[in-house]
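Notes to accompany the following structure.
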Amino acid sequence: MKRSIIFLVLALMSLGVKAVPEYPISIVTSVCSEATIRANFPQALATAAFPLVLDDDGWMSGGSRELSHGFVESDLKDLERLLKAIKSQGTSYVYFALAPPRTLEKGKLIHGEYSNRETLKNAYLSLLSRLNDVGFLTSDLSKDMNTASPSFYFKRDTHWRPEGAKISAKNISDALSENNILNDIPLHSVESFINGYNIQSSDFFNQVMQDICGYKLPTEHAPNYESTPDVDADIFGDSLTPDISLIGTSYSENENYHFANFLRGYLQRDIVNHSISGGGEYGAWFNFFSNKSEDSTPPKIIIWELPSYSHPARYKHLRQIIPLVNNGCQTSESIAEITDTVTEKGKKEFIFDPALFGFKASELVMDIQSDDPQATSLSFRVWFDSGFYYDFTIDVIDADTADGRFVFELANKEWDYRGNILAIDLLSAAYSSTSTPLSLTGNVCLNAFRG
């Protein structure tokens, strides 16, 4: 019997040797030549990922992923108007959590726009200073960045790791704990702990390399954090909305990074998270204002999280967000009413009403509701009594939460020198049907936050 078993084992071993597959292995040390040609990148990826670069330790970068350079004085004035509008509703503080540039981490400046760490750090601090001058609370979130282990950011993605989110939450808590800002907000204890190591990076740069070059590096993993709720608060506390709101991007919305719960833990206060993924600078604000009821209590503190390369002061978006602070024209007296239809490319005179003749464009807000929730943009021409006109397009801020409503300022005060309003043309509309006209109804009202 023993002899037959030995023969069987030997036979199986012999078969096994012949069946062992062989795989060619090559070490990836650079991106392919195709990734160095901008034309090979889809338009949507070109800005975000070109030029795509792979450093010696597997760190990838690409696109304009360091700092926003677009702040001009008029932008900051409009951003200040937004802040004043928010505070007028009862919010005491808005903390601007501007995540530090990725390339600040461990000197990853070889292929960035900045030649050395000190220059980039100073540029980041300068941005924070300008936001602080506007009236936001800020602090340097690059502090202790290089203490994160294994790293603050994922090597091949744009997002921070849980370790980076945790350091940032601690930094924000320290800043808000100063000057007794948190004293009047009820305590709420949350503890976080690691349960496994199965969180995967979303692998943005790595996936771009896969799409263009046909190969990629291994997907990074991170610890899976979970949190224990404050049981006493849940049982004995009331059901009031928390006094702190988090408004941010996927950095804050994605549970994989655990940022919101790290904040709860360090602040020892509860927060409500209005963040959304893929909404850009203002998608979460749109979500916040759209879901606000008339009798809701405004948060005492708002934490506004954005990546460092974001541009939070684009008037294209601010002109929509500012009037939403008090729900457009829904609670304001109407100066002129709108009822009309339009086709996709049908230019037409939209408003010619003597009631508007005495106003500057910056004094007016339009609040338009279309009958198509999938309508994505409206293009207008504003005529001034000086004979001058200017064209602009209103695009929905977040297509996923769009409901066919368009609320916007006609202009900011930079346009006041052109004179008073004469007429408004509707140049085109983008919506779901190419055969059925789009119906529009709405109002024109005074801009409560013109500044």
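Residue numbers for the sequence shown, in mature numbering (1 follows the signal peptide of the UniProt record, and there is no 0): -19 to -1, 1 to 432.
The beta carbon of each residue, even a glycine, is placed where N, CA and C say it ideally should be.
Whole-angstrom distance between residue j and residue i, CA atom to CA atom
{"i": "threonine 374", "j": "tyrosine 247", "result": "43 angstroms"}
{"i": "leucine 407", "j": "glutamate 330", "result": "6 angstroms"}
{"i": "glutamine 249", "j": "isoleucine 282", "result": "14 angstroms"}
{"i": "glycine 432", "j": "glutamate 325", "result": "35 angstroms"}
{"i": "serine 313", "j": "asparagine 428", "result": "9 angstroms"}
{"i": "alanine 404", "j": "alanine 20", "result": "43 angstroms"}
{"i": "proline 143", "j": "proline 335", "result": "58 angstroms"}
{"i": "residue 450", "j": "proline 304", "result": "No information on residue 450 is available, as it lies outside the stretch -19 to 432 that the chain covers here."}
{"i": "residue 508", "j": "proline 279", "result": "The chain is shown from -19 up to 432; residue 508 falls before or after that span and cannot be answered."}
{"i": "proline 354", "j": "aspartate 384", "result": "4 angstroms"}
{"i": "proline 210", "j": "valine 12", "result": "45 angstroms"}
{"i": "valine -11", "j": "lysine 151", "result": "Residue confidence is low: valine -11 scores 36 on pLDDT, short of 50, so the model does not pin down where it sits. Its coordinate-derived value is still stated next. One C-alpha to the other measures close to 60 angstroms."}
{"i": "histidine 202", "j": "phenylalanine 135", "result": "9 angstroms"}
{"i": "serine 271", "j": "leucine 122", "result": "30 angstroms"}
{"i": "aspartate 372", "j": "aspartate 36", "result": "45 angstroms"}
{"i": "histidine 140", "j": "isoleucine 378", "result": "22 angstroms"}
{"i": "glutamine 301", "j": "lysine 65", "result": "15 angstroms"}
{"i": "glycine 229", "j": "isoleucine 402", "result": "36 angstroms"}
{"i": "valine 34", "j": "isoleucine 257", "result": "28 angstroms"}
{"i": "leucine 419", "j": "lysine 197", "result": "46 angstroms"}
{"i": "serine 158", "j": "aspartate 114", "result": "20 angstroms"}
{"i": "phenylalanine 361", "j": "serine 409", "result": "7 angstroms"}
{"i": "alanine 265", "j": "aspartate 381", "result": "11 angstroms"}
{"i": "lysine 394", "j": "phenylalanine 365", "result": "14 angstroms"}
{"i": "glycine 218", "j": "alanine 29", "result": "Its pLDDT being 49, under 50, glycine 218 is placed unreliably in this model, and the coordinates cannot settle the point."}
{"i": "proline 32", "j": "glutamate 15", "result": "11 angstroms"}
{"i": "phenylalanine 369", "j": "lysine 341", "result": "13 angstroms"}
{"i": "glutamine 24", "j": "serine 183", "result": "20 angstroms"}
Exposed unless 16 or more other CB atoms sit within 10 angstroms - verdict on residue i
{"i": "valine 53", "result": "exposed"}
{"i": "leucine 221", "result": "exposed"}
{"i": "serine 149", "result": "buried"}
{"i": "valine 425", "result": "buried"}
{"i": "threonine 417", "result": "exposed"}
{"i": "glutamate 344", "result": "buried"}
{"i": "glutamine 191", "result": "exposed"}
{"i": "aspartate 138", "result": "buried"}
{"i": "isoleucine 216", "result": "Note that isoleucine 216 scores 45 on pLDDT, short of 50, meaning its location in the model is unreliable; the coordinates nonetheless yield the value given after this. Exposed is the call here."}
{"i": "asparagine 237", "result": "buried"}
{"i": "tyrosine 232", "result": "buried"}
{"i": "glutamate 99", "result": "exposed"}
{"i": "isoleucine 67", "result": "buried"}
{"i": "proline 81", "result": "buried"}
Cβ pair residue i, residue j closer than 8 angstroms
{"i": "tyrosine 412", "j": "threonine 322", "result": "no"}
{"i": "aspartate 59", "j": "histidine 169", "result": "no"}
{"i": "leucine 48", "j": "leucine 112", "result": "no"}
{"i": "residue 521", "j": "lysine 87", "result": "Because the chain in this structure spans residues -19 to 432, residue 521 falls outside the shown range and cannot be described."}
{"i": "threonine 422", "j": "glutamine 350", "result": "yes"}
{"i": "leucine 63", "j": "leucine 287", "result": "no"}
{"i": "leucine 227", "j": "isoleucine 284", "result": "yes"}
{"i": "leucine 106", "j": "phenylalanine 77", "result": "no"}
{"i": "phenylalanine 133", "j": "glycine 145", "result": "yes"}
{"i": "serine 110", "j": "alanine 156", "result": "no"}
{"i": "tyrosine 263", "j": "aspartate 56", "result": "no"}
{"i": "isoleucine 316", "j": "isoleucine 332", "result": "no"}
{"i": "valine 189", "j": "glycine 39", "result": "no"}
Of the listed residues the options, nearest to residue i (C-alpha basis)
{"i": "serine 45", "options": "Phe186, Ala392, Phe361", "result": "Phe186"}
{"i": "asparagine 205", "options": "Phe243, Cys194, Val75", "result": "Phe243"}
{"i": "serine 130", "options": "Leu57, Lys147, Ser69, His292", "result": "Lys147"}
{"i": "phenylalanine 430", "options": "Thr422, Gly423, Ala392, Tyr398", "result": "Ala392"}
{"i": "serine 172", "options": "Gln70, Asn308, Ala241", "result": "The residue you asked about is not serine; residue 172 is glutamate in the sequence shown. For the residues Gln70, Asn308, Ala241, the minimum Cα distance to glutamate 172 belongs to Ala241."}
{"i": "serine 73", "options": "Leu305, Leu163, His292, Leu345", "result": "Leu163"}
{"i": "serine 367", "options": "Asp165, Ile225, Gly339, Gly400", "result": "Gly400"}
{"i": "arginine 83", "options": "Val363, Tyr398, Ser289, Asp397", "result": "Ser289"}
{"i": "isoleucine 225", "options": "Phe22, Lys197, Ile153", "result": "Ile153"}
{"i": "proline 293", "options": "Glu318, Ile402, Gly260", "result": "Gly260"}
{"i": "valine 388", "options": "Ser420, Met347, Leu57", "result": "Met347"}
{"i": "proline 167", "options": "Lys197, Pro223, Ala410", "result": "Pro223"}
{"i": "isoleucine 193", "options": "Ala342, Thr17, Lys394, Asn161", "result": "Thr17"}
{"i": "aspartate 352", "options": "Ser414, Asn160, Ile175, Glu318", "result": "Ser414"}
{"i": "aspartate 125", "options": "Ala25, Leu85, Tyr370, Asn160", "result": "Leu85"}
{"i": "lysine 328", "options": "Leu26, Val363, Glu15", "result": "Val363"}
{"i": "phenylalanine 174", "options": "Ser208, Ala27, Ala80", "result": "Ser208"}
{"i": "glycine 339", "options": "Asp397, Thr200, Ser274", "result": "Asp397"}
{"i": "glutamine 70", "options": "Ala342, Asn161, Lys273", "result": "Lys273"}
heavy atom of the ligand MN below 7 angstroms from residue i C-beta
{"i": "phenylalanine 331", "result": "Looking for the ligand MN in the displayed structure turns up nothing, as the structure carries no ligands at all."}
Cβ of residue i within 8 angstroms of any chain B Cβ
{"i": "glycine 246", "result": "The structure shown contains no chain B; it is built from a single protein chain."}
Within the segment 52 to 106, ranges of the beta strand (DSSP E) (whole runs, at least 3 residues): DSSP runs (the beta strand (DSSP E)) wholly in the segment 52 to 106: 74 to 79.
Secondary structure, alpha helix (DSSP H): runs of 4+ residues fully inside the segment 232 to 302: Complete alpha helix (DSSP H) runs here, min 4: 240 to 248, 264 to 271.
Every unbroken alpha helix (DSSP H) within the segment 347 to 429, with a cutoff of 4 residues, ordered by chain: With a minimum length of 4 residues, no continuous alpha helix (DSSP H) run stays inside the segment 347 to 429.
Whole alpha helix (DSSP H) elements within the segment 106 to 191, 4-residue minimum: Runs found: 143 to 158.
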